[in-house]
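*Asks:* My structure is below; once you've seen it, I'll send some questions.
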Amino acid sequence: MRKILIAEDDFFIRDIYSKVFSLSGYDVQVAVDGMDALEKIKAQPYEMILLDIMMPKMTGIDVLRNVRSLPPPAKDVPIFVITNLGQQNVIEEAFKLGMDGYILKSQVSPQQIVDEINNFFTNKESTKQPTS
Amino acid sequence: MLFLTVLVSIILVVLIIVIINNSYLQALKNAQKNIIDSLHEAIIIVDEHKKVVFYNQTAEKFIGTQTQTARGQLVDTVLKVTKDTAPVPFDIYCQSSNTSDEKFFLQQEGSEKTQISIATRKHIYGNDSKCTLISLQDASKERQLEEMKVDFVSMAAHELRTPLTAIRGYTSLLQMHYATQLDAEAKELLTRLLVSTTNLTNLIDNLLSVSRIERNNLTVETKPFDLSIIAKDIFSSFQQQAQTKKQHFTLNLPNKLPLVMADPFRIGQVFINLISNALNYTPEGGAIIVSIFDKKSYLEISVQDTGEGIPEEALPRLFTKFFRVSGSLEQGSKGTGLGLYITKSIVQLHNGKIRADSKLGKGSTFTFTIPTATQDQLTQDPHRNDHAFLTVKNGQGIIVKKPR
Chain A
957 MRKILIAEDD FFIRDIYSKV FSLSGYDVQV AVDGMDALEK IKAQPYEMIL
1007 LDIMMPKMTG IDVLRNVRSL PPPAKDVPIF VITNLGQQNV IEEAFKLGMD
1057 GYILKSQVSP QQIVDEINNF FTNKESTKQP TS
Chain B
52 MLFLTVLVSI ILVVLIIVII NNSYLQALKN AQKNIIDSLH EAIIIVDEHK
102 KVVFYNQTAE KFIGTQTQTA RGQLVDTVLK VTKDTAPVPF DIYCQSSNTS
152 DEKFFLQQEG SEKTQISIAT RKHIYGNDSK CTLISLQDAS KERQLEEMKV
202 DFVSMAAHEL RTPLTAIRGY TSLLQMHYAT QLDAEAKELL TRLLVSTTNL
252 TNLIDNLLSV SRIERNNLTV ETKPFDLSII AKDIFSSFQQ QAQTKKQHFT
302 LNLPNKLPLV MADPFRIGQV FINLISNALN YTPEGGAIIV SIFDKKSYLE
352 ISVQDTGEGI PEEALPRLFT KFFRVSGSLE QGSKGTGLGL YITKSIVQLH
402 NGKIRADSKL GKGSTFTFTI PTATQDQLTQ DPHRNDHAFL TVKNGQGIIV
452 KKPR
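Read top to bottom, the protein sequences are chains A and B.
Quick note, our numbering runs 956 ahead of the 1-based positions in the first sequence.
Quick note, our numbering runs 51 ahead of the 1-based positions in the second sequence.
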């Protein structure tokens, strides 16, 4: 079971994502704000982080920046930014900080997000195989 | 004796008439002056040499120049009209002010600029028939109200989005994962619920885009990229929808396209809006053709359909806010009347042009242009190998992925 951390401050959105990822066979843990997310990432390894941008205590952008400056292997965890913000400058900044993907949550259904994450892992494995 | 009396009487009567008439004319002139001076509009009349010949009291207060100083001067030295920061001379606003909703500003002596609305008309002043009457109005209060309205819409839309995302999320969760526990009718109701919430989401997203456009906050981040990638991606995302309506849906691309200088996300929105309109307004068995033409300094993209067409009288208003072709509401097609307004704004922010050609019963063609990247832009852009790609699901979802 892949271990995934969902960092999202809105109770309902967090609940929906945890449910849909659990139902799709993920081991789901949640963080309720940016600070909580960073502490959990430091404390244990995850295979994927879903990160909201507008969160209390610490924004997703700051969490991303902090994680990418942690010692390996924690710094290399795949991070998908999930937000309602459509501003290009936020996307650009998150790209520069090394996010792995960006999803506008108002535009997609929870299942599409799961599909996207599943795709990510499938692609990762298929690119790994020829080299190993 | 009698003759003399009659003569005196006649002279007296004529004198009285002349006196009454004169004072009446004087009174009328005074009234007229009072009326013109008490207008909220600043009134300025210029002769054919563009020199000020008349100036009312409101103009004195509003512009800050006394009538005596203003009279005889060139209108452009008295009245400093700007748009953004560039000065707009009399000849320009004289031609555009009555038709456009352009935002003009008045630069006043020693104070900040004020937003104004200008109207001009041909005028006869005295014996001069080639004069122009300019009336100016302070539009700053209107602008304040407009801003408040935009702020309110933007705030309301933002606040609505979070609970709506939750409603949509739970609905699709029920549909995807708990469908086995529901009977056929409940499943049907759930589908309707999902369709309605999706429509509401699109409406709110459109309202947010409009409020960004109106605050000049809709940013386009241009970079050189290959338009054919986005065109193909969006084309394939709509193929299923076209198949269900048995429509012939084709994409015509030249073999090699120069890179465009544009915002991939926003241009994606333009493609999505135009293609989804074409599919929605084309009956079963119709045809939709998306073509891209290389015009060297720009690309021309056309979306052609064999749909119901747009009445000629509706064409000029097609790209305005909240405009919907009459009759389309009764026919049950969904839409907010914002899509084409947003589309036009995005194209214009890219310095492109958009137009619609249509014949009732035959179909419509929407054509827009996007400038290609110049050699300088290609060499300057640091991210040229670092394109953000778009993935479109069912013609609406947008996921931006970083290529690995």
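Built from N, CA and C at the ideal position, the CB exists for glycine as well.
Kindly indicate which residue of 406(B), 202(B), 274(B), 302(B) has the alpha-carbon position closest to the one of residue 317(B).
*Replies:* Cα-wise, what sits closest to residue 317(B) is 274(B).
*Asks:* Of all the CB atoms in chain A, is at least one closer than 9 Å to the CB of residue 275(B)?
*Replies:* Cβ-Cβ to chain A under 9 Å: no for residue 275(B).
*Asks:* Could you give the first and the last residue of the continuous alpha helix (DSSP H) run that contains residue 61(B)?
*Replies:* It spans 53-88 - the alpha helix (DSSP H) in which residue 61(B) sits, taken as one unbroken run.
*Asks:* Is the Cβ-Cβ distance between residue 960(A) and residue 1073(A) less than 9 Å?
*Replies:* Yes, the pair counts as a contact, with Cβ atoms nearer than the cut-off.
*Asks:* Report the rounded CA-to-CA distance for residue 334(B) versus residue 295(B), giving the unit in angstroms.
*Replies:* Distance between the alpha carbons of residue 334(B) and residue 295(B): 11 Å.
*Asks:* Excluding the 5 residues flanking residue 218(B) on each side, which residues of the same chain have their C-beta closer than 8 Å to its C-beta?
*Replies:* Around residue 218(B): 248.
*Asks:* Could you pull the start and end residues of the alpha helix (DSSP H) that residue 317(B) belongs to?
*Replies:* Note, residue 317(B): alpha helix (DSSP H), 315-331.
*Asks:* Hey, is residue 435(B)'s beta-carbon within less than 9 Å of any beta-carbon in chain A?
*Replies:* Per-residue confidence for residue 435(B) stands at a pLDDT of 46, beneath the threshold of 50, marking its modelled position as unreliable; the derived number appears in the next sentence. Chain A contact via Cβ: absent.
*Asks:* Under 9 Å, do residue 403(B) and residue 417(B) count as touching if we go by C-beta distance?
*Replies:* Not closer than 9 Å, so no.
*Asks:* For residue 227(B), would you say it is in contact with chain A, using Cβ-to-Cβ distances shorter than 9 Å as the test?
*Replies:* Yes, residue 227(B) lies at the interface with chain A (some Cβ there is under 9 Å from its Cβ).
*Asks:* Give the single residue among 1004(A), 979(A), 1046(A), 1014(A) whose Cα lies nearest to the Cα of residue 1036(A).
*Replies:* Among 1004(A), 979(A), 1046(A), 1014(A), the Cα nearest to that of residue 1036(A) belongs to 1004(A).
*Asks:* Considering only the alpha carbon of each residue, which of 168(B), 182(B), 167(B) lies closest to residue 174(B)?
*Replies:* Ranking 168(B), 182(B), 167(B) by Cα distance to residue 174(B) puts 182(B) first.
*Asks:* Check this for me: beta carbons of residue 157(B) and residue 95(B), under 9 Å apart or not?
*Replies:* Their beta carbons are not under 9 Å apart, which means residue 157(B) does not touch residue 95(B) by this criterion.
*Asks:* Which residues in chain A have a C-beta closer than 8 Å to the C-beta of residue 223(B)? List them in chain order.
*Replies:* Chain A residues near residue 223(B): 1065, 1066, 1067.
*Asks:* In the DSSP output, what is residue 458(B) paired with across the bridge?
*Replies:* A question about residue 458(B) goes unanswered here, because the residues of chain B that appear run from 52 up to 455.
*Asks:* Buried or exposed, going by whether 16 or more other CB atoms sit within 10 Å of the CB of residue 171(B)?
*Replies:* Residue 171(B) is buried by the Cβ-count criterion.
*Asks:* If we cut at 9 Å on Cβ distances, does residue 982(A) have a partner in chain B?
*Replies:* By this cut-off, residue 982(A) is not an interface position.
*Asks:* Residues of the stretch 960-978 of chain A with a CB closer than 7 Å to any CB of chain D: list them in chain order, please.
*Replies:* In the structure shown, chain D cannot be found, because the protein chains are A and B.
*Asks:* Would residue 285(B) and residue 326(B) qualify as a contact pair, given that the criterion is a beta-carbon distance under 9 Å?
*Replies:* Yes.
*Asks:* Please report the residue range of the beta strand (DSSP E) in which residue 986(A) lies.
*Replies:* Residue 986(A) -> beta strand (DSSP E) spans 982-987.
*Asks:* Mapping the DSSP letters down to three states, classify residue 121(B) as helix, strand or coil.
*Replies:* In this structure, residue 121(B) counts as helix in the three-state DSSP scheme.
*Asks:* Taking the beta carbon of residue 230(B) as the centre, do at least 16 other beta carbons fall within 10 Å, making it buried, or is it exposed?
*Replies:* By the neighbour-count rule (16 or more Cβ atoms within 10 Å), residue 230(B) is not buried but exposed.
*Asks:* Per DSSP, which residues does residue 419(B) bridge with? Please list them.
*Replies:* Paired residues: 352(B), 405(B).
*Asks:* Taking the alpha-carbon of residue 301(B) as reference, which of 91(B), 308(B), 353(B) has the nearest alpha-carbon?
*Replies:* The residue with the shortest Cα to Cα distance from residue 301(B) is 353(B).
*Asks:* Using a Cβ-Cβ distance under 9 Å, would residue 209(B) count as near chain A?
*Replies:* With 9 Å as the cut-off, residue 209(B) counts as an interface residue toward chain A.
*Asks:* Consider the Cβ of residue 217(B): report whether some Cβ of chain A lies at a distance smaller than 9 Å.
*Replies:* It does: the Cβ of residue 217(B) has a partner Cβ on chain A nearer than 9 Å.
*Asks:* For residue 391(B), which of 329(B), 346(B), 83(B), 200(B) has the nearest alpha-carbon?
*Replies:* Taking only the C-alpha atoms, the option nearest residue 391(B) is 329(B).
*Asks:* Could you give the DSSP three-state label for residue 302(B): helix, strand or coil?
*Replies:* DSSP places residue 302(B) in strand when its eight states are reduced to three.
*Asks:* When the Cα atoms are used, what is the spatial distance from residue 380(B) to residue 355(B)?
*Replies:* The predicted model places residue 380(B) with a pLDDT of 48, which falls under 50 and marks its position as unreliable; any figure quoted below should be read in that light. The alpha-carbon atoms of residue 380(B) and residue 355(B) are separated by roughly 22 Å.
*Asks:* Can you tell me which of the three DSSP states residue 1071(A) falls into?
*Replies:* The answer is helix: DSSP assigns residue 1071(A) an H, G or I state.
*Asks:* Tell me the DSSP secondary structure of residue 209(B) in three-state form.
*Replies:* Correct three-state label for residue 209(B): helix.
*Asks:* What does DSSP give as the partner residue(s) for residue 22(B) in the beta ladder?
*Replies:* This structure leaves residue 22(B) out entirely; chain B is present only between 52 and 455.
*Asks:* Is there a Cβ from chain B that is less than 9 Å from the Cβ of residue 1061(A)?
*Replies:* Taking Cβ atoms only, chain B reaches closer than 9 Å to residue 1061(A), which makes this a yes.
*Asks:* Could you name the residues of the same chain whose beta carbon sits closer than 8 Å to that of residue 1023(A), not counting the 5 residues immediately before and after it, in chain order?
*Replies:* Closer than 8 Å at Cβ, skipping near neighbours: 994, 997, 1005, 1030, 1031, 1033, 1035.
*Asks:* Among 131(B), 77(B), 344(B), which residue has its Cα nearest to the Cα of residue 142(B)?
*Replies:* Taking only the C-alpha atoms, the option nearest residue 142(B) is 131(B).
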